[in-house]
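To start, the structure itself, in C-alpha coordinates.
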Amino acid sequence: MTMRGISELVLGLLPIVLVLLLWQALISFGCAPATLLPPPGQVFARMGEQLLDTSFQQDIAATLFRLFAGFAIAVVLGVAIGIAAAVSPPVNAAVRPLVRVLAPLPKVALYPAFLLLLGFGHESKITLVTADALFPILLSTYYGASIVEQKLVWSALAAGTPPREVLWKVVLPAAMPSILTGCRIGLVISCIVVFLAEMITSTDGLGHVLVAAARQFQAVDMFVPLITISALGLILNGLLGALRSYLLRGFPEV
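Numbers 803 to 1056, taken from my numbering, label the letters of the sequence shown in order.
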(Lines of atoms letter the chains of each structure in order from A and count residues from 1; the text may use other names and numbers.)
(Lines give C-alpha, C1' and ligand atoms only; values in the text may rest on other atoms or scores of the structure.)
Protein backbone atom coordinates (compact mmCIF):
# COMPACT_ATOMS: atom_id res chain seq x y z
CA MET A 1 0.00 0.00 0.00
CA THR A 2 1.31 3.44 -0.94
CA MET A 3 1.74 6.31 1.49
CA ARG A 4 -1.28 7.98 -0.08
CA GLY A 5 -3.35 4.87 0.54
CA ILE A 6 -2.20 4.66 4.15
CA SER A 7 -2.99 8.32 4.80
CA GLU A 8 -6.45 7.93 3.23
CA LEU A 9 -7.07 4.86 5.39
CA VAL A 10 -6.07 6.73 8.55
CA LEU A 11 -8.22 9.72 7.64
CA GLY A 12 -11.12 7.37 6.93
CA LEU A 13 -10.81 5.57 10.27
CA LEU A 14 -10.32 8.74 12.31
CA PRO A 15 -13.99 9.85 12.27
CA ILE A 16 -15.09 6.34 13.30
CA VAL A 17 -12.67 6.38 16.24
CA LEU A 18 -13.91 9.83 17.28
CA VAL A 19 -17.53 8.64 17.20
CA LEU A 20 -16.65 5.65 19.41
CA LEU A 21 -14.79 7.91 21.84
CA LEU A 22 -17.76 10.29 22.00
CA TRP A 23 -20.06 7.33 22.53
CA GLN A 24 -17.97 6.11 25.46
CA ALA A 25 -17.63 9.64 26.86
CA LEU A 26 -21.41 10.10 26.97
CA ILE A 27 -21.66 7.02 29.18
CA SER A 28 -18.57 7.72 31.31
CA PHE A 29 -19.71 11.25 32.19
CA GLY A 30 -23.27 10.17 32.91
CA CYS A 31 -24.83 11.99 29.97
CA ALA A 32 -26.74 8.85 28.94
CA PRO A 33 -27.78 5.83 31.02
CA ALA A 34 -26.02 2.58 30.16
CA THR A 35 -29.40 0.83 30.07
CA LEU A 36 -30.38 2.90 27.03
CA LEU A 37 -26.93 3.53 25.55
CA PRO A 38 -24.71 0.55 26.35
CA PRO A 39 -20.91 0.98 26.23
CA PRO A 40 -19.34 0.27 22.82
CA GLY A 41 -17.14 -2.46 24.29
CA GLN A 42 -20.21 -4.31 25.51
CA VAL A 43 -21.91 -3.96 22.14
CA PHE A 44 -18.89 -5.23 20.20
CA ALA A 45 -18.48 -8.15 22.61
CA ARG A 46 -22.12 -9.09 22.08
CA MET A 47 -21.66 -8.66 18.33
CA GLY A 48 -18.77 -11.14 18.41
CA GLU A 49 -21.04 -13.65 20.13
CA GLN A 50 -23.86 -13.07 17.66
CA LEU A 51 -21.61 -13.52 14.65
CA LEU A 52 -20.92 -17.06 15.81
CA ASP A 53 -24.63 -17.80 16.09
CA THR A 54 -26.17 -19.62 13.12
CA SER A 55 -29.47 -17.75 13.41
CA PHE A 56 -27.74 -14.35 13.26
CA GLN A 57 -25.67 -15.50 10.28
CA GLN A 58 -28.90 -16.42 8.49
CA ASP A 59 -30.29 -12.96 9.25
CA ILE A 60 -27.19 -11.37 7.72
CA ALA A 61 -27.52 -13.64 4.67
CA ALA A 62 -31.18 -12.65 4.21
CA THR A 63 -30.32 -8.95 4.37
CA LEU A 64 -27.42 -9.31 1.95
CA PHE A 65 -29.52 -11.32 -0.50
CA ARG A 66 -32.20 -8.61 -0.62
CA LEU A 67 -29.59 -5.87 -0.83
CA PHE A 68 -27.58 -7.46 -3.64
CA ALA A 69 -30.65 -8.51 -5.64
CA GLY A 70 -32.28 -5.08 -5.47
CA PHE A 71 -29.02 -3.26 -6.14
CA ALA A 72 -28.13 -5.48 -9.12
CA ILE A 73 -31.53 -4.90 -10.72
CA ALA A 74 -31.17 -1.15 -10.12
CA VAL A 75 -27.74 -1.14 -11.79
CA VAL A 76 -28.96 -3.00 -14.88
CA LEU A 77 -32.08 -0.85 -15.29
CA GLY A 78 -30.39 2.43 -14.34
CA VAL A 79 -27.47 2.02 -16.75
CA ALA A 80 -29.66 0.76 -19.61
CA ILE A 81 -32.30 3.49 -19.27
CA GLY A 82 -29.73 6.23 -18.58
CA ILE A 83 -27.69 5.48 -21.70
CA ALA A 84 -30.80 5.02 -23.83
CA ALA A 85 -32.13 8.40 -22.69
CA ALA A 86 -28.78 10.06 -23.39
CA VAL A 87 -28.41 8.76 -26.96
CA SER A 88 -32.06 8.66 -28.07
CA PRO A 89 -34.20 11.85 -28.03
CA PRO A 90 -37.52 9.88 -28.14
CA VAL A 91 -36.48 7.80 -25.12
CA ASN A 92 -35.31 10.96 -23.37
CA ALA A 93 -38.67 12.62 -24.01
CA ALA A 94 -40.48 9.62 -22.52
CA VAL A 95 -38.20 9.07 -19.53
CA ARG A 96 -37.60 12.67 -18.40
CA PRO A 97 -41.16 13.37 -17.11
CA LEU A 98 -41.23 10.06 -15.24
CA VAL A 99 -37.91 10.79 -13.58
CA ARG A 100 -39.02 14.29 -12.57
CA VAL A 101 -42.17 12.89 -10.98
CA LEU A 102 -40.81 9.72 -9.38
CA ALA A 103 -37.26 10.68 -8.35
CA PRO A 104 -38.32 13.05 -5.50
CA LEU A 105 -41.00 10.63 -4.29
CA PRO A 106 -40.13 8.81 -1.02
CA LYS A 107 -40.18 5.23 -2.26
CA VAL A 108 -40.93 3.88 1.21
CA ALA A 109 -44.40 5.41 0.76
CA LEU A 110 -44.94 2.80 -1.94
CA TYR A 111 -43.94 -0.07 0.33
CA PRO A 112 -47.52 -0.87 1.47
CA ALA A 113 -48.49 -1.23 -2.19
CA PHE A 114 -45.50 -3.49 -2.80
CA LEU A 115 -46.57 -5.62 0.17
CA LEU A 116 -50.10 -5.99 -1.20
CA LEU A 117 -48.87 -6.84 -4.69
CA LEU A 118 -45.80 -8.96 -3.91
CA GLY A 119 -46.37 -10.27 -0.39
CA PHE A 120 -44.23 -10.17 2.75
CA GLY A 121 -41.31 -12.20 1.38
CA HIS A 122 -38.16 -11.20 -0.45
CA GLU A 123 -39.94 -9.77 -3.50
CA SER A 124 -41.43 -6.66 -1.87
CA LYS A 125 -38.17 -5.74 -0.14
CA ILE A 126 -36.08 -6.28 -3.27
CA THR A 127 -38.51 -4.11 -5.23
CA LEU A 128 -38.24 -1.31 -2.66
CA VAL A 129 -34.44 -1.45 -2.76
CA THR A 130 -34.51 -1.36 -6.56
CA ALA A 131 -36.90 1.59 -6.63
CA ASP A 132 -34.75 3.63 -4.24
CA ALA A 133 -31.35 2.81 -5.75
CA LEU A 134 -32.49 3.15 -9.37
CA PHE A 135 -32.65 6.92 -9.75
CA PRO A 136 -29.16 7.88 -8.53
CA ILE A 137 -27.69 5.32 -10.93
CA LEU A 138 -29.97 6.35 -13.79
CA LEU A 139 -29.27 10.07 -13.38
CA SER A 140 -25.51 9.56 -13.03
CA THR A 141 -25.47 7.36 -16.12
CA TYR A 142 -27.49 9.87 -18.11
CA TYR A 143 -25.20 12.71 -17.07
CA GLY A 144 -22.05 10.74 -17.84
CA ALA A 145 -23.28 9.62 -21.25
CA SER A 146 -24.59 13.09 -22.13
CA ILE A 147 -21.25 14.82 -21.64
CA VAL A 148 -19.25 12.39 -23.78
CA GLU A 149 -17.41 14.54 -26.32
CA GLN A 150 -18.87 14.21 -29.79
CA LYS A 151 -15.41 14.12 -31.34
CA LEU A 152 -14.80 10.75 -29.62
CA VAL A 153 -17.83 9.33 -31.40
CA TRP A 154 -16.76 10.83 -34.71
CA SER A 155 -13.24 9.47 -34.30
CA ALA A 156 -14.58 5.99 -33.60
CA LEU A 157 -16.84 6.14 -36.66
CA ALA A 158 -13.98 7.43 -38.80
CA ALA A 159 -11.81 4.54 -37.60
CA GLY A 160 -14.38 2.08 -38.92
CA THR A 161 -16.26 1.24 -35.73
CA PRO A 162 -19.84 0.20 -36.58
CA PRO A 163 -22.45 2.66 -35.24
CA ARG A 164 -24.01 -0.02 -33.03
CA GLU A 165 -20.66 -0.73 -31.37
CA VAL A 166 -19.89 2.94 -30.66
CA LEU A 167 -22.28 2.75 -27.72
CA TRP A 168 -20.33 -0.07 -26.04
CA LYS A 169 -16.82 0.89 -27.11
CA VAL A 170 -16.99 4.68 -26.70
CA VAL A 171 -20.03 6.02 -24.84
CA LEU A 172 -20.19 3.42 -22.05
CA PRO A 173 -16.44 3.51 -21.18
CA ALA A 174 -16.41 7.33 -21.26
CA ALA A 175 -19.43 7.46 -18.95
CA MET A 176 -18.03 4.84 -16.56
CA PRO A 177 -16.70 7.28 -13.88
CA SER A 178 -20.12 8.87 -13.52
CA ILE A 179 -21.86 5.48 -13.58
CA LEU A 180 -19.69 4.10 -10.79
CA THR A 181 -20.26 7.22 -8.70
CA GLY A 182 -23.99 6.68 -9.05
CA CYS A 183 -23.53 3.04 -8.08
CA ARG A 184 -21.76 4.02 -4.85
CA ILE A 185 -24.62 6.35 -3.96
CA GLY A 186 -27.15 3.66 -4.84
CA LEU A 187 -25.33 1.11 -2.70
CA VAL A 188 -25.52 3.34 0.38
CA ILE A 189 -29.22 3.92 -0.24
CA SER A 190 -29.74 0.16 -0.66
CA CYS A 191 -28.22 -0.55 2.75
CA ILE A 192 -30.54 1.97 4.39
CA VAL A 193 -33.68 0.87 2.57
CA VAL A 194 -33.30 -2.88 3.06
CA PHE A 195 -32.78 -2.35 6.79
CA LEU A 196 -35.83 -0.09 6.98
CA ALA A 197 -37.99 -2.56 5.04
CA GLU A 198 -37.01 -5.37 7.40
CA MET A 199 -37.88 -3.19 10.38
CA ILE A 200 -41.35 -2.48 9.01
CA THR A 201 -42.31 -6.03 8.19
CA SER A 202 -40.12 -9.12 8.20
CA THR A 203 -39.49 -12.35 10.04
CA ASP A 204 -35.75 -12.33 9.40
CA GLY A 205 -32.92 -9.99 8.50
CA LEU A 206 -30.96 -7.43 10.52
CA GLY A 207 -33.87 -4.99 10.66
CA HIS A 208 -36.06 -7.68 12.17
CA VAL A 209 -33.37 -8.45 14.75
CA LEU A 210 -33.39 -4.82 15.90
CA VAL A 211 -37.18 -4.68 16.20
CA ALA A 212 -37.28 -7.99 18.09
CA ALA A 213 -34.63 -6.72 20.55
CA ALA A 214 -36.50 -3.42 21.02
CA ARG A 215 -39.71 -5.25 21.90
CA GLN A 216 -37.83 -7.07 24.65
CA PHE A 217 -36.04 -3.89 25.84
CA GLN A 218 -32.61 -5.40 25.11
CA ALA A 219 -30.53 -2.31 24.39
CA VAL A 220 -27.30 -4.16 23.64
CA ASP A 221 -28.96 -6.47 21.13
CA MET A 222 -30.57 -3.42 19.50
CA PHE A 223 -27.17 -1.90 18.72
CA VAL A 224 -25.67 -5.12 17.30
CA PRO A 225 -27.65 -5.10 14.01
CA LEU A 226 -27.04 -1.34 13.67
CA ILE A 227 -23.28 -1.83 13.94
CA THR A 228 -23.46 -4.87 11.67
CA ILE A 229 -25.29 -3.11 8.82
CA SER A 230 -22.91 -0.14 9.17
CA ALA A 231 -19.91 -2.46 8.95
CA LEU A 232 -21.38 -4.26 5.95
CA GLY A 233 -22.02 -0.94 4.23
CA LEU A 234 -18.45 0.17 4.95
CA ILE A 235 -17.01 -3.07 3.57
CA LEU A 236 -19.20 -3.07 0.46
CA ASN A 237 -18.44 0.58 -0.23
CA GLY A 238 -14.74 -0.16 0.11
CA LEU A 239 -15.00 -3.07 -2.31
CA LEU A 240 -16.91 -0.95 -4.81
CA GLY A 241 -14.31 1.79 -4.41
CA ALA A 242 -11.54 -0.72 -5.13
CA LEU A 243 -13.45 -1.93 -8.21
CA ARG A 244 -13.81 1.68 -9.33
CA SER A 245 -10.08 2.28 -8.96
CA TYR A 246 -9.35 -0.87 -10.96
CA LEU A 247 -11.78 -0.09 -13.78
CA LEU A 248 -10.67 3.54 -14.02
CA ARG A 249 -6.94 2.92 -13.66
CA GLY A 250 -6.36 4.40 -17.12
CA PHE A 251 -8.04 7.69 -16.28
CA PRO A 252 -5.96 10.69 -15.12
CA GLU A 253 -7.82 10.88 -11.79
CA VAL A 254 -9.68 8.12 -9.97
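All C-beta atoms, glycine included, are put in the ideal place defined by N, C-alpha and C.
Please read all numbers here as calculations on a predicted model, not as lab measurements.
As assigned by DSSP and simplified to three states, the class of residue i
i, result
"Pro964", "coil"
"Pro1112", "Absent from the structure is residue 1112, since the part of the chain shown begins at 803 and ends at 1056."
"Pro841", "coil"
"Phe937", "helix"
"Asp950", "Reading off the sequence, residue 950 comes out as Val, not Asp. The answer is coil: DSSP assigns Val950 none of H, G, I, E or B."
"Ala895", "helix"
"Ala874", "helix"
"Phe1019", "coil"
"Leu920", "helix"
"Arg848", "helix"
"Thr983", "helix"
"Val1056", "For Val1056, the pLDDT reaches just 43, beneath the cut-off of 50, and the residue's location in the model is therefore unreliable, leaving the point undetermined."
"Leu1050", "coil"
"Ser857", "helix"
"Ala864", "helix"
Whole-angstrom C-beta distance between residue j and residue i, which should lie under 8 Å
i, j, result
"Ile862", "Leu1045", "22 Å between Cβ atoms; not a contact."
"Ser1032", "Gly872", "Not really, about 19 Å apart at Cβ, beyond 8 Å."
"Leu936", "Ala876", "4 Å"
"Gly880", "Leu940", "4 Å"
"Val910", "Leu998", "6 Å"
"Leu813", "Ile885", "The Cβ separation is near 35 Å, so there is no contact."
"Thr1030", "Met849", "7 Å"
Same chain only: Cβ atoms within 6 Å of residue i, ignoring 5 sequence neighbours per side
i, result
"Ser980", "Ser942, Tyr945, Gly946"
"Pro892", "none"
"Glu1000", "Gly1007, Gly1009, His1010"
"Leu917", "Ser926"
7 Å CB neighbourhood of residue i in its chain, flanking five on each side removed
i, result
"Phe922", "Thr1003"
"Leu1042", "Cys985, Arg986, Leu989"
"Leu912", "Ala933"
Same chain only: Cβ atoms within 8 Å of residue i, ignoring 5 sequence neighbours per side
i, result
"Asn1039", "Arg986, Leu989, Val990"
"Gln859", "Leu853"
"Leu839", "Trp825, Leu828, Ile829, Ala1021"
"Leu815", "none"
* Asked: Do the region 866-877 and the region 925-933 touch if we need at least three Cβ pairs shorter than 8 Å?
  -> yes
* Say whether the region 1015-1022 touches the region 938-951, bearing in mind that this needs 3 or more beta-carbon pairs closer than 8 Å, one atom from each stretch. => no
* **the region 972-982 / the region 814-827 touching (three or more Cβ pairs under 8 Å)** => no
* Between the region 838-858 and the region 1024-1042, are three or more C-beta pairs nearer than 8 Å? -> yes
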